[in-house]
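Notes follow the structure.
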């Protein structure tokens, strides 16, 4: 796969990526889109969520700090996206932690046609109906064959499913990609998972015909930047800053020599 | 203009700057005020928004992630500011992107006497009644004479109007200042526009008699720090950190030798 | 006191620390917990606040950007914590600034059994019933014997009281600890106070039998990291990044040689 060509598409098309996301990592979600050369926007009022989506090339929904009202705004934005064939990425952040979170996630997936469902192993296992418990928003070991879970959910929901982890799994109903970039430092930084969803939204916004390939390419670029950044950093906080810098400066040479995407 | 004397006034008076702002860049808005040597505070509950404003030297309103309820709190705070002659800065963040955003902006401007209306070119053009469309929260090319738009709006609303851009325009009904500091890297960082509004609020809070001159001086100081920071940074994220550091350390030597404010 | 042994307990037990906190510094509160080797989670919807608390080892409440609804969610979470003997840390951020803030703080303290009440000098003096006025969220000089105020409030409320400042005071009904680590740069960074509450929550979550000692040890570790970071930083923003890095890398050697905790 020519991973870099997907980044080029982002930098050329500069997609507007609308977010309804959580209040913890909202800044980083915006900045990662900006560092990629695209435009983030965040607007959750029910009076404008749909209108703002109508201007965008992709919609990213993240339930990290959900409320019932916020989910209603997500539905409005999601339906507007569906009506205009704008891809919708859903980060099921914290699914499995509380019954409310599970119920709201499934309500969203039923109400809105999602292009890419993204989570860590335990979150996706929960959305697939397995009886796993997530401890807050960090991944739990689910002891399942995540590749099979992802493919099965992708077929059931007719969408792309992304499971992030040491090996990222990107499955659509026909194909599965594996991304083996990144490093362990990412697990010590709040927001790397949320930023991954924003990266996916940005890449899918620029290449909407091939959401699975675009998601895999986006994750690879993001994680290559992380690999470069980690060597220059002093710990998790400077690492995140350098990650956001390196994404901005990523070259074809970096991506061609470092990408680890397999089908 | 003795730009540095305005920064001295900020450092001496340490104004308390109350914000009702957006959830994306709220931290940076607070930190830029703190880096200037002043005190930020953010309190939006309708039960206390007016009381908190009463303690402050300036009020900064930013509609980036507005809701109808939030606008009501802004009106309460704004009216309290008006009653006590505390200057109000309004960042019309994203005006032109949705009808709701336009309507709420104008409602605010009608309900509260604003000292400084601040936006990028397309936002200000929209507030001035021109038929431009903003794509999210990034500036669009409006193909208008922004100096004339700013002056005309300043006269109509009897306030100061700030248009940020490569050349910042600061117009009051009588005078127009131009600030030509800053650099292109600022456009790759989420929140540089919001921070500019907080900087203006801080400078106007310390020098309320001359809002246009204080706004121009504030923008110049902020952008001088950006000019120093960019050479030391690796990309947009480390740039923002160093910008916030350099603001904290700005000297008379820096400002006197680098300021580019013209009338 | 073997301060480092408390950090070891955090790193071994990796407590989940649930937060209902303010929107300004929410990211830093999460990251400081993560940098310590523990897990942060933030969930404020009334439908899940109690359930999420039930998974956690500690609950941190911070009223920085309170609303009436948010306080109701805090009560739900707080009562769930009380029912399961999960320690609750309350940061009375901005108490003394508005009547609403004072009233809500006292309502919370009456409705929920708090393990650790934490604030700066003027905030704690206000909660103790003294007639002081806080200017926003920064500490005011209260001209009181803060040691006596803290001890008295600790006895009255049968809890631990933490007063942050140049000398941190940690008082429970029987004992008082003093922590003399840290440096003046912390006062130029937005969020150092909020992060201190999250640090306390994390340490108390790992050592719930001894909340006062755990609070003192947590503050000492946090402030030792600040002492190391300040020499490497360029100003307040890079200082905060390096602080979050240094917390992650703190060793027994650092803590044993630098800790300044006295009883």
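Chains as they are written, first to last, in my numbering: chain G, 2 to 264; chain X, 2 to 264; chain L, 2 to 264.
All C-beta atoms, glycine included, are put in the ideal place defined by N, C-alpha and C.
Keep in mind the model is a prediction, meaning the values are calculated, not measured.
- Non-local C-beta neighbours of residue 153 of chain X in its own chain, meaning closer than 7 Å and more than five positions away in sequence, comprise 129, ordered along the chain.
- Comparing alpha-carbon positions, the option among X/218, X/262, X/259 lying closest to residue 6 of chain X turns out to be X/218.
- Taking a contact as a CB-CB distance under 8 Å, the pair residue 10 of chain G and residue 207 of chain G counts as one, their CB atoms being some 4 Å apart.
- Between the C-alpha atoms of residue 61 of chain G and residue 44 of chain L there is a straight-line separation of about 19 Å.
- In this chain, the alpha helix (DSSP H) harbouring residue 201 of chain X covers 193–207.
- Between residue 251 of chain G and residue 227 of chain G, the C-beta gap is not smaller than 8 Å, which leaves the two residues out of contact.
- The beta carbons of residue 54 of chain G and residue 117 of chain G sit no closer together than 8 Å.
- Annotation for residue 99 of chain X: no residue places its beta carbon closer than 6 Å to its own, counting only its chain and skipping 5 residues before and after.
- Between residue 41 of chain L and residue 20 of chain L, the C-beta gap is smaller than 8 Å, which places the two residues in contact.
- Checking the DSSP bridge columns, you'll see residue 120 of chain G partnered with G/164.
- Contact check for residue 92 of chain L against residue 63 of chain L passes: the beta carbons are separated by less than 8 Å.
- By the C-beta criterion, the stretch 195–206 of chain G is judged to be in contact with the stretch 110–126 of chain G, since at least 3 inter-stretch pairs fall below 8 Å.
- For residue 98 of chain X, the chain G residues whose Cβ falls inside 9 Å of its Cβ are 42, 44, 49, 52, 53, 56, in order along the chain.
- Against chain L, a Cβ distance below 7 Å from residue 139 of chain G picks out 40.
- Collapsing the DSSP output to three states places residue 41 of chain G in a strand.
- Nearest to residue 17 of chain L by C-alpha distance, out of L/29, L/23, L/35, is L/35.
- In this structure, DSSP gives residue 54 of chain G a helical state, which the three-state scheme calls helix.
- The DSSP-derived three-state label of residue 189 of chain G is helix.
- Chain-order list of chain X residues neighbouring residue 237 of chain L: 32, 35, 36, 245, 246, 249, by C-beta distance under 8 Å.
- In the DSSP assignment, residue 83 of chain G falls within the unbroken alpha helix (DSSP H) covering 69–84.
- Collapsing the DSSP output to three states places residue 148 of chain L in a helix.
- For residue 242 of chain G, the residues of chain L that pass the 7 Å Cβ criterion are 242, in the order they occur in the chain.
- CA-CA distance, residue 233 of chain G to residue 240 of chain G, rounds to 8 Å.
- For the pair residue 49 of chain L and residue 50 of chain G, the Cα-to-Cα distance works out to about 24 Å.
- CA-CA distance, residue 140 of chain X to residue 28 of chain G, rounds to 19 Å.
- Considering only beta carbons, no part of the stretch 209–230 of chain X lies closer than 7 Å to chain L.
- When the Cα atoms are used, residue 132 of chain G and residue 97 of chain L turn out to be separated by approximately 47 Å.
- Straight-line measurement puts the Cα of residue 177 of chain L at about 52 Å from the Cα of residue 95 of chain X.
- Look at residue 5 of chain L: its C-beta is not under 8 Å from any C-beta on chain G.
- The Cβ neighbour count for residue 181 of chain G, taken over all protein chains shown within 10 Å, is under 16; the residue is labelled exposed.
- DSSP places residue 17 of chain L inside the beta strand (DSSP E), whose first and last residues are 17–21.
- Put simply, the CB of residue 189 of chain X is near chain G, with a gap under 8 Å to one of its CB atoms.
- Only residues of its own chain outside the window of five on either side were considered, and among them 11, 12, 15, 249 have a CB closer than 8 Å to the CB of residue 38 of chain L, listed in chain order.
- Of all residues in the stretch 169–195 of chain X, none is placed with a Cβ closer than 7 Å to any Cβ belonging to chain L.
- Checking the DSSP bridge columns, you'll see residue 63 of chain G partnered with G/92.
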